[in-house]
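Okay, so here's the structure we're looking at.
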Amino acid sequence: MTKRCTWAEHSENEIAYHDSEWGVPNHDDRYLFEMLMLEGQQSGLSWSTILNKRETMRAAYANFDPYLLAEYDAEKVETLLLNPGIIRHRLKIEAIINNAKAYVNMIQDHESLDVFLWRYVDDAPIVNHYASMSDVPASSELSTQISKDLKKLGFKFVGPTTVYAFMQAVGMVDDHMDDCFKKTK
Numbered sequence: 025m026t027k028r029c030t031w032a033e034h035s036e037n038e039i040a041y042h043d044s045e046w047g048v049p050n051h052d053d054r055y056l057f058e059m060l061m062l063e064g065q066q067s068g069l070s071w072s073t074i075l076n077k078r079e080t081m082r083a084a085y086a087n088f089d090p091y092l093l094a095e096y097d098a099e100k101v102e103t104l105l106l107n108p109g110i111i112r113h114r115l116k117i118e119a120i121i122n123n124a125k126a127y128v129n130m131i132q133d134h135e136s137l138d139v140f141l142w143r144y145v146d147d148a149p150i151v152n153h154y155a156s157m158s159d160v161p162a163s164s165e166l167s168t169q170i171s172k173d174l175k176k177l178g179f180k181f182v183g184p185t186t187v188y189a190f191m192q193a194v195g196m197v198d199d200h201m202d203d204c205f206k207k208t209k
């Protein structure tokens, strides 16, 4: 039997996500933006809920294209609030639109999201070693710093815990359990 991180053993969606995405280093700006937005949506909810709504959220949020999302207006927010396939929380919906605008400004003024984020880890994943999920921190000094820097750029729903979960998701941090088949050896 394949040994994987215990959080991913509850549903087929979680298994597929764990085995194919979680912790895999990714440098695609659109994917990074999507994952940052999904982690913000997850705040206060289970990751399973987000995975179950992911395809509907992709459709509702223009496949997380920040340039298209930056054009969403108050009327679009009201329409989104009626969509049962997404997280219908006004502040979270508005945060996605706000963050798309912050992303567009960041790209115009500075650099890609990829370059901005991955420089914090010198372009290589931080490999941690944990025997149990209870040993994994909810945040770190680094996620706190990235959170502060994202907020300075105008991003919302990017607290240290959200940023740490994002770092795990996109492979900036390898927090697979030591006995997980996906663990970097």
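Residue numbers for the sequence shown follow this note's numbering, so the first one is 25 and each next one is one higher. Positions of the beta carbon are idealized from the N, C-alpha and C atoms, including for glycine.
#1: So if DSSP puts I150 in a beta bridge, which residue, or which two residues, is it bridged to?
#2: Just tell me which of T208, H200, M191 and K207 has its CA closest to the CA of H51.
#3: Residue range of the alpha helix (DSSP H) that H42 falls in?
#4: Residue range of the alpha helix (DSSP H) that E63 falls in?
#5: Is the distance from the Cβ of A162 to the Cβ of T185 below 7 Å?
#6: Please identify the residue among V145, W71, E38 and M59 whose C-alpha is closest to the C-alpha of A124.
#7: Taking the runs of the alpha helix (DSSP H) that are 4 residues or longer, which of them lie wholly in the region 74 to 100?
#8: Going straight from the alpha carbon of Y55 to that of M61, what length do you get?
#9: Near L92, what residues of its chain come up, given a Cβ to Cβ distance below 6 Å and the 5 sequence neighbours on each side ignored?
#10: Give every residue of the same chain whose Cβ lies closer than 7 Å to the Cβ of F181, excluding the five residues on either side of it in the sequence, and list them in chain order.
#11: Comparing the C-beta of Q192 with each C-beta of chain B, is any distance below 7 Å?
#12: Among D53, V139, W46 and E36, which has the Cα closest to the Cα of N76?
#13: Kindly indicate which three-state DSSP category V160 falls into: helix, strand or coil?
#14: From the DSSP output, in three-state form, read off R112 for me.
#15: Here's the rule: buried if 16 or more other CB atoms are within 10 angstroms of the residue's CB, otherwise exposed. What is M25?
Taking the coordinates as given:
#1: For the purposes of this step, residue 150 is taken as residue 126 along the sequence shown, with counting starting at 1. V197.
#2: Translated into positions along the sequence shown, residue 51 becomes position 27. Of the candidates T208, H200, M191 and K207, the one whose C-alpha sits nearest the C-alpha of H51 is M191.
#3: The count along the sequence shown starts at 1 and reaches residue 42 at position 18. Residues E36 to S44.
#4: As a working note, residue 63 is residue 39 in the sequence shown. Segment D53 to Q66, the alpha helix (DSSP H) holding E63.
#5: Taking the first residue of the sequence shown as 1, we reach residue 162 at position 138. Taking the first residue of the sequence shown as 1, we reach residue 185 at position 161. Yes, these two residues count as a Cβ contact at 7 Å.
#6: Translated into the one-based positions of the sequence shown, residue 124 becomes position 100. It is M59.
#7: Listed in chain order, they are 90 to 93.
#8: The sequence position of residue 55 within the sequence shown is 31, counting from 1. The sequence position of residue 61 within the sequence shown is 37, counting from 1. Rounded to whole angstroms, Y55 to M61 spans 10 Å at the Cα level.
#9: Counted from its first residue, the sequence shown places residue 92 at position 68. Here the set comprises A86.
#10: Start at 1 with the first residue of the sequence shown, and residue 181 comes out as number 157. Closer than 7 Å at Cβ, skipping near neighbours: G64, S67, K116 and A119.
#11: No chain B appears in this structure, which consists of one protein chain only.
#12: Locating residue 76 in the sequence shown gives position 52, counting from the first residue. Of the listed residues, the one whose Cα sits closest to N76 is E36.
#13: Within the sequence shown, the letter at position 136 stands for residue 160. Correct three-state label for V160: coil.
#14: Position 88 of the sequence shown holds residue 112. DSSP places R112 in coil when its eight states are reduced to three.
#15: The sequence position of residue 25 within the sequence shown is 1, counting from 1. By the 10 Å Cβ count, M25 comes out exposed.
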